[in-house]
Structures are given as C-alpha cells and as structure tokens.
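The block underneath contains the structure these notes are about, expressed in structure tokens.
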Amino acid sequence: MASRRTGSDSEEVGAALDLLWVEFHRLNTLHFAGALRLDELRLSPRKQYGGYCVPAKRLIVLSLQALREHGFEETLDTFRHEVAHLVHPNHSAAFWEVARKLGSTTRYAKPPKERNPNYVRYVYECPACAATVRRQKRLVRASCSACDKSFNPRYLLRLISSPALRRNAG
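This is the structure in structure tokens:
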C-alpha cells in the first residue's frame, strides 16, 4: 500500500490518498471478495488530467491537478474507472460493465481548466472547412468530423504545425 507524498502537498495528497485507499478496500471487498491487488496509488503533479493504471505493476496514478481543479468526486470517479482496469486492461464491453458496477459514471475525465501552452504539439486543418484540430500526439489518416462523421479521405486533415515544421521554419 505505497503512496507518494511530496513537500507542501503532503497533507492534501495524504488525505486524498487515504480516502482513495478506503474506497479501494470497499470496492475490493464488495465486488471482488478481496481478490484485487493494488500495490501503489499515486497523485501525480505531472499528469494533467485523468489517470492511468498499470495492471502488471498493480499501480494507479491519478492527476493532482484534476483533484485541485475538479474536486475529490471527479478524482473518485476516475479512480473507480482505473480500478476497473485492474480487472480488464482495455475498454471492452466487459470493462465498461465492471466500471459501471464500481460506480464510474463518466467515459472521459474532465480536461484541465488551463493547459500548459506547450501541450499542443500538432495542429491540423481541414482542406474543406478550414477547421483546426489540435493534438498532443500525431494523427495518422484522420479526417474532419465536422465535414463527415465517418472517416472520409476527401476531408483528410493536413498537418500545418508540428515541432519539426517549427524547427525547419526557424
């Protein structure tokens, strides 16, 4: 039952982690007869929102920023989602059944209220409607959802800004 606490955050982080551990034990007892293992639970100042689970390491990491911006209830919902990943690592129908059973009510974590300006690395543009799409990760063969809800090569997004393009322009 390790948890990471740092500096001035230790009281806030410690209190939240204590409540999350209590919730883990409640869920584990109620739904899994104590069979689930979670060795480490962290609130990370580096993670901007949401959380992730590494089932092989029995580790769950949640966003400290999301806790501060959206409150404990949002973090608790994300935590329940991540606990479901201890059972099913992917987002299969079986995963969603477990997540609902655990009380996870949302599909996506709320994004941060303010993002780091370096967050957006890639900017794409639709050749038809000129809508821009900003992403942290590079897209491969994505089309404009405003022009067609299904993939349509006529609306293939065009990369207009990336770290490599910015380096070459300078």
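So for the sequence shown, my numbering puts the first residue at 114; every next one is plus one. Here a beta-carbon is modelled for each residue, glycine too, at the ideal position from N, C-alpha and C.
Original post:
Where does Glu195 land, buried or exposed, given buried means 16+ other C-beta within 10 angstroms?
Top reply: In the sequence shown, the residue the question calls residue 195 occupies position 82. By the neighbour-count rule (16 or more Cβ atoms within 10 Å), Glu195 is buried.
Subject >> Own chain residues within Cβ distance below 7 Å of Cys242, not counting five before or after >> reply: As a working note, residue 242 is residue 129 in the sequence shown. So the qualifying residues of the chain are Cys257, Ala259, Cys260.
Original post:
Taking Cβ to Cβ, would you say Val126 is nearer than 8 Å to Leu151?
Top reply: Within the sequence shown, the letter at position 13 stands for residue 126. Within the sequence shown, the letter at position 38 stands for residue 151. No, these two residues do not count as a Cβ contact at 8 Å.
Original post:
Just to confirm, are Tyr221 and Pro240 a CB contact at a threshold of 8 Å?
Top reply: As a working mapping, residue 221 is identified with position 108 in the sequence shown. As a working mapping, residue 240 is identified with position 127 in the sequence shown. Going by beta carbons, Tyr221 and Pro240 fall outside the 8 Å limit.
Original post:
Thinking C-alpha only, which one of Glu136, Arg181, Ala197 is nearest Arg171?
Top reply: Taking the first residue of the sequence shown as 1, we reach residue 171 at position 58. The shortest C-alpha separation from Arg171 is found at Ala197.
**OP:** Starting from the C-beta of Lys226, find all residues in its chain whose C-beta is less than 8 Å away, skip the five residues before and the five after it, and write them out in chain order.
**Re:** Residue 226 sits at position 113 when you count from the first residue of the sequence shown. Closer than 8 Å at Cβ, skipping near neighbours: Glu182.
**OP:** Check whether the Cβ atoms of Arg234 and Ser205 sit closer than 8 Å, and answer yes or no.
**Re:** Stepping through the sequence shown from its first residue, residue 234 is reached at position 121. Stepping through the sequence shown from its first residue, residue 205 is reached at position 92. In this structure, Ser205 does not lie closer than 8 Å to Arg234 by Cβ.
**OP:** Under 8 Å by Cβ, that's how I've got Pro158 and Leu177 pegged, so tell me the actual separation to the nearest angstrom.
**Re:** Taking the sequence shown and counting its residues from 1, one reaches residue 158 at position 45. Taking the sequence shown and counting its residues from 1, one reaches residue 177 at position 64. About 5 Å separates the CB atoms of Pro158 and Leu177; that is less than 8 Å, so the two are in contact.
Original post:
Where does Val211 sit, in a helix, a strand or coil, going by DSSP?
Top reply: Counting from one through the sequence shown, the residue named residue 211 turns up at place 98. Under the three-state reduction of DSSP output, Val211 falls in the helix class.
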